[in-house]
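Chains A, B and C are the protein sequences, given in the same order. Its first residue numbered 35, the first sequence is counted upward by one per residue in this note's numbering. Its first residue numbered 348, the second sequence is counted upward by one per residue in this note's numbering. Its first residue numbered 19, the third sequence is counted upward by one per residue in this note's numbering. By construction, the Cβ of each residue, glycine as well, lies at the ideal position given by its N, Cα and C atoms. In what follows, a structure is listed as structure tokens, so that the remarks can point back to it.
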Amino acid sequence: MKTLVIMNQAPYGDWSGREALDMAFSLAAFDQPVALLFTGDGVNWLRREQEAAAISQKAVDRNLAAATIFGVTALYADQQSCHRFGLDQHTMIAGITLADTNAGLLGEYDHVISLS
Amino acid sequence: MTAMPERNNEGFLEDAWAWSPEAAMAIADEDGITLTDNHWEIINFLRYFYKQHEMSPPSNRLFVKAVKEAFGETKGNSIYLMQLFPGTPAKTACRIAGLPRPTNCL
Amino acid sequence: MASIRTLHILNKRPGHPAFKSCLSSLENQDALLLTENGVLALVDKGLTLEGCVYALSPDLKARAIPGDASVAQAIDYDEMVALTARAQRVISW
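Laid out in structure tokens, this is it:
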């Protein structure tokens with residue numbers, strides 16, 4: 035069963051994003067196919083070189099870079115949301131696949147989860 | 348002997364950057380572990396992992412996965428890591444490497 | 019230094035209902051200070067910010083948001099305190 039976890043909240047505002055990421059990592063830990071889709075405000079997770087120490091937190095872009103090590107199959111970002119927040123391949127972390135969420139992506143997964 | 352950095356009630360360092368190899372040896376000693384090259388390979392890997400990702404591998408399974416990703420099957424398996432770091436390997440290894448407690452280890 | 023009539027401190031993401039309310043209540047001698055997820059407004063192409071706008075630098079750094087000085091002045095915590103002191107009143111949205 036393939037799971038897609040939707041990340042649609044900006045980082046650092048609340049814990050829902052961390053919890054969603056934790057869930058994705060846990061699925062990966064048990065070798066369950068899981069991918070992440072960043073959309074809406076959620077694409078701000080992907081901005082490169084966040085210095086979260088300034089607000090006494092851990093940088094989510096660095097946390098995310100561990101996703102493929104843990105076995106998360108893909109990191110998708112909604113193209114329109116990226117455009118809206120001025121994100122392109124130069125300002126985003128590596129390994130992101132741009133997706134058009136209105137197209138078939140959601141249909142490829144048996145289980146789509148959004149925690150917020 | 349250098350002073351032991353501040354630790355929490357489970358023996359994990361409060362500040363990962365206060366870690367030193369001497370602190371690692373002292374913490375390992377509490378667990379009855381004498382650190383060998385094989386231990387240091389994993390400890391250095393965890394230090395590097397933390398620097399890159401600002402997190403400890405969140406669970407034992409993900410610790411094993413991360414080691415497997417870095418060193419292959421012969422080291423990335425739970426028996427090997429259990430022999431080096433008895434108990435819950437992720438917890439024991441992170442404690443010795445000065446990393447925060449893995450969030451999903453009981 | 020010119021005094022500020024109302025300092026609006028906005029910590030909500032641009033899509034939040036309070037964000038709109040805040041922007042529509044801004045008046046001539048007011049200033050807007052973006053903090054926490056409010057700083058995302060600076061990279062949101064769906065928005066135009068006008069007037070006297072500040073953004074809290076640690077929150078910009080944390081989110082790797084490039085401060086655009088022509089839109090908002092980046093300030094640190096001490097400057098935030100000074101700004102608050104200059105304002106006749108403060109609204110925290």
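*Taking glutamine 113/A as part of the alpha helix (DSSP H), name the residues at either end of that continuous run.*
Counting along the chain, the alpha helix (DSSP H) containing glutamine 113/A begins and ends at 113-118.
*Name the chain A residues whose beta carbon is nearer than 7 angstroms to that of alanine 80/C?*
Those within 7 angstroms of alanine 80/C in chain A are Tyr46, Gln84, Glu85, Ala86, Ala88, Ile89 and Gln91.
_Euclidean distance between Cα positions of valine 39/A and threonine 53/C_ = A direct Cα-Cα distance of roughly 28 angstroms separates valine 39/A from threonine 53/C.
*Under 8 angstroms between beta-carbons, which chain A residues line up against proline 76/C? List them in chain order, please.*
One finds Ala88 and Ile89 in chain A with Cβ atoms closer than 8 angstroms to the Cβ of proline 76/C, taken in chain order.
*So, using beta-carbon positions, are valine 81/A and arginine 31/C closer together than 8 angstroms?*
Sequence check: residue 81/A is arginine here, not valine. Against a cut-off of 8 angstroms, the Cβ pair of arginine 31/C and arginine 81/A comes out as no contact.
*asked:* Beta-carbon within less than 8 angstroms of tyrosine 46/A's beta-carbon, same chain only, minus the 5 sequence neighbours each way: which residues are those?
replied: Ala86, Ile89, Gln91 and Val94, listed in sequence order.
*asked:* Quick check: the Cα distance between leucine 382/B and methionine 372/B, rounded to an integer number of angstroms?
replied: Distance between the alpha carbons of leucine 382/B and methionine 372/B is about 7 angstroms.
*Listing by chain order, which chain A residues have their CB less than 8 angstroms from the CB of leucine 409/B?*
Those are Phe59, Ala62, Ala63 and Phe104, listed as they occur along chain A.
*asked:* By the three-class DSSP mapping on this structure, what secondary structure does glutamine 91/A have?
replied: Coil at glutamine 91/A, not helix or strand.
*Within 8 angstroms (strictly less), CB to CB, does alanine 108/A reach chain B?*
It does not: the Cβ of alanine 108/A has no partner Cβ on chain B nearer than 8 angstroms.
*Could you check which residue in Thr450/B, Cys441/B and Ala350/B has the C-alpha nearest to that of glycine 358/B?*
Taking only the C-alpha atoms, the option nearest glycine 358/B is Cys441/B.
_Between glycine 64/C and chain A, is the shortest Cβ-Cβ distance under 8 angstroms, so that the two count as touching?_
Taking Cβ atoms only, chain A reaches closer than 8 angstroms to glycine 64/C, which makes this a yes.
*Return the residues of the region 43-54 of chain C that lie within a Cβ-Cβ distance of less than 9 angstroms from chain A, sorted by chain order.*
Taking 9 angstroms as the Cβ-Cβ cut-off against chain A, the residues of the region 43-54 of chain C that qualify are Glu54.
*Can you give, in chain order, each stretch of the beta strand (DSSP E) that sits fully within the region 44-92 of chain C and has at least 3 residues?*
Here the runs fully enclosed are 49-52 and 70-74.
*If glycine 105/A sits next to lysine 412/B, beta carbons under 8 angstroms apart, how far is it from one beta carbon to the other, in whole angstroms?*
Their Cβ separation, rounded to whole angstroms, is 6 angstroms, which keeps glycine 105/A and lysine 412/B in contact under 8 angstroms.
*asked:* Please list, in chain order, the chain D residues whose beta carbon lies closer than 7 angstroms to that of valine 61/C.
replied: In the displayed structure, chain D is absent; the protein chains listed are A, B and C.
_the region 385-395 of chain B touching the region 431-440 of chain B, judged by at least three CB pairs closer than 8 angstroms_ = Two segments are said to touch when three or more pairs of C-beta atoms, one from each, lie closer than 8 angstroms; by this definition the region 385-395 of chain B touches the region 431-440 of chain B.
*Counting contacts by CB-CB distance shorter than 8 angstroms, is asparagine 78/A in contact with chain C?*
Yes - at least one Cβ of chain C is within 8 angstroms of the one on asparagine 78/A.
*Hey, does arginine 81/A have any beta-carbon neighbour from chain C nearer than 8 angstroms?*
Yes, contact with chain C.
*Let me know the secondary structure DSSP gives phenylalanine 351/B once reduced to three states.*
Note that residue 351/B is methionine in the sequence shown here, rather than phenylalanine. Reduced to three states, the DSSP call for methionine 351/B is coil.
_For methionine 35/A, which residues in the same chain have their Cβ closer than 8 angstroms to its Cβ, ignoring the five residues on either side in sequence?_
Once the five neighbours on either side are set aside, the close Cβ partners of methionine 35/A are Gln66, Pro67, Asp144 and His145.
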